[in-house]
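Below you'll find the structure, written out as structure tokens, and then a few comments.
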Amino acid sequence: MSAITILCSCAADSKTESDKLSITTTIYPYYEFVREIVGNKAQINQLISPGTEIHEFEPTPKDILKINNSDIFIYNGGESDEWVDKVLNSINSDVKVMCMFDYADLLYEEDIEHNKGDEYDEHIWTSIENDKKFVKAISEQILKLDSANADFYKSNTDAYINKLSRLDNSFEKLVQNSSRNTIVVADRFPILYFVKEYGIKYESVFPGCTSETQPSIKTVTKLIDYVRENDLPVVFHIDNSSESLARIICEDSNAEIMTFYSMHNITREQFESKTTFISLLELNLKSLKEALE
Ligand SMILES: [Zn+2]
84 MSAITILCSC AADSKTESDK LSITTTIYPY YEFVREIVGN KAQINQLISP
134 GTEIHEFEPT PKDILKINNS DIFIYNGGES DEWVDKVLNS INSDVKVMCM
184 FDYADLLYEE DIEHNKGDEY DEHIWTSIEN DKKFVKAISE QILKLDSANA
234 DFYKSNTDAY INKLSRLDNS FEKLVQNSSR NTIVVADRFP ILYFVKEYGI
284 KYESVFPGCT SETQPSIKTV TKLIDYVREN DLPVVFHIDN SSESLARIIC
334 EDSNAEIMTF YSMHNITREQ FESKTTFISL LELNLKSLKE ALE
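Here the sequence shown is numbered in the working numbering, starting from 84 and rising by one per residue.
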């Protein structure tokens, strides 16, 4: 290869960071969806950094500036994102705003007796069906702003949706072929969308992502009895939460404690070890298999 060709190919690749599309997302799942679509052809910011509790997030002036300077801003919607409207009203920018609630099939919150509330549950990304819709919508928006890389984005989008579809099918088959149909989550319950998608029944200690920390004795006793009477093999707790309630409920039973990943966010350690949304779904598939056996 001549020196000139080398120079040319460098020049062609030398889009500076500021020429690239800039995309800001709030939580980890949307960060991964974008990253899988754009590779290194866009600049991505995850506003709520790994390890941060998403329900208590408040943006700093620097975060607001990041949103303002982005080409696309992607957020979840729902009660934990009430800060977003205020921020969007305060900025003066032509950033394309995408609220994932607009693309989701929404479900109302449920209490632990399974009575429906009047607010939507916000954990929409725990449904793989929803995730496929989000990836498609995000990809279409990216294509509109950067059609030069259309083929690259399209093929990445298809590949990622295929991965999600394969997992979706595996969950569906697993539930169809399992003898059990109920899981016990000795914790908060942010996976309503997930269980509803596959017709899994559940018992939990707290509804949704309540900040309650004191469970009712009645609920705990009911779960202990349920685990023993049905000789359940697994009691779940939720990622980034304590196992202590699961331990109490498993006592004097044969149940093993396992983590179910709700993936509000991933930890700094998971981020650095390149743990992905897909790899955590695979772990969920494995532990669900044990729980329903
Ligand atoms: Zn939550």
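Idealized CB from N, CA, C, for every residue including glycine.
Check                                                                                                                : Outcome
Arg-249 burial status per 10 Å Cβ neighbour count (16 or more: buried)                                               : exposed
Glu-223 versus Leu-104: straight-line alpha-carbon distance, rounded                                                 : 14 Å
Rounded straight-line distance, which links the Cα of Ile-361 to that of Asp-214                                     : 11 Å
Contact check, Ala-187 vs Lys-169, beta carbons under 9 Å                                                            : no
Neighbour-count burial assignment, Gly-386, 16 or more Cβ in a 10 Å radius                                           : Coverage of the chain is limited to positions 84 through 376, which leaves residue 386 absent and any answer about it impossible.
Other residues of its chain near Ser-253: CB distance less than 6 Å, five sequence neighbours each side excluded     : Leu-368
Environment of Tyr-236 [buried if 16+ CB atoms lie within 10 Å]                                                      : buried
Asp-201 in three-state terms, based on DSSP                                                                          : strand
heavy atom of ligand 1 below 8 Å from Gly-291 C-beta                                                                 : yes
Nonlocal neighbours in the same chain, by C-beta distance under 8 Å from Val-278, ignoring five residues either side : Ile-266, Lys-284 and Tyr-285
Delimiting residues of the beta strand (DSSP E) encompassing Asn-182                                                 : The sequence given here has Cys at residue 182, not Asn. Taken as a continuous stretch (DSSP letters only), the beta strand (DSSP E) holding Cys-182 covers 179-182.
Gln-297 classed as buried or exposed, judged by whether at least 16 other C-beta atoms fall within 10 angstroms      : exposed
Beta-carbon proximity of Phe-343 to Ile-321, cut-off 9 Å                                                             : yes
Cβ neighbours of Leu-226 in the same chain (closer than 7 Å, five flanking residues each side left out)              : Ala-233 and Tyr-236
Cβ-based neighbour list, Asp-314, same chain, cut-off 7 Å, excluding 5 preceding and 5 following                     : Asn-337
Cross-strand partners of Asn-128 (DSSP beta bridge)                                                                  : Thr-107
Buried versus exposed, by CB contacts within 10 Å (16 or more), Arg-118                                              : buried
Reference Ile-274, options Pro-144, Asp-185, Ile-307 and Ile-195, closest by Cα                                      : Ile-195
Those residues which DSSP pairs with His-206 across a bridge                                                         : His-206 is not bridged to any residue.
Where Ile-87 sits in the DSSP three-state scheme                                                                     : Low local confidence applies: a pLDDT of 43 at Ile-87 is under 50, so the model's placement there is unreliable, and no value is given.
Inter-residue spacing [alpha-carbon to alpha-carbon] between Glu-376 and Glu-136                                     : 33 Å
For Ser-287, the residue or residues it bridges with in DSSP                                                         : Val-268
Where the alpha helix (DSSP H) containing Val-321 begins and where it ends                                           : Correcting the residue type first, residue 321 is Ile in the shown sequence and not Val. Looking at the DSSP string, Ile-321 is not in any alpha helix (DSSP H); the run it does join, the beta strand (DSSP E), is 317-321.
Glu-193, DSSP secondary structure in three states                                                                    : strand
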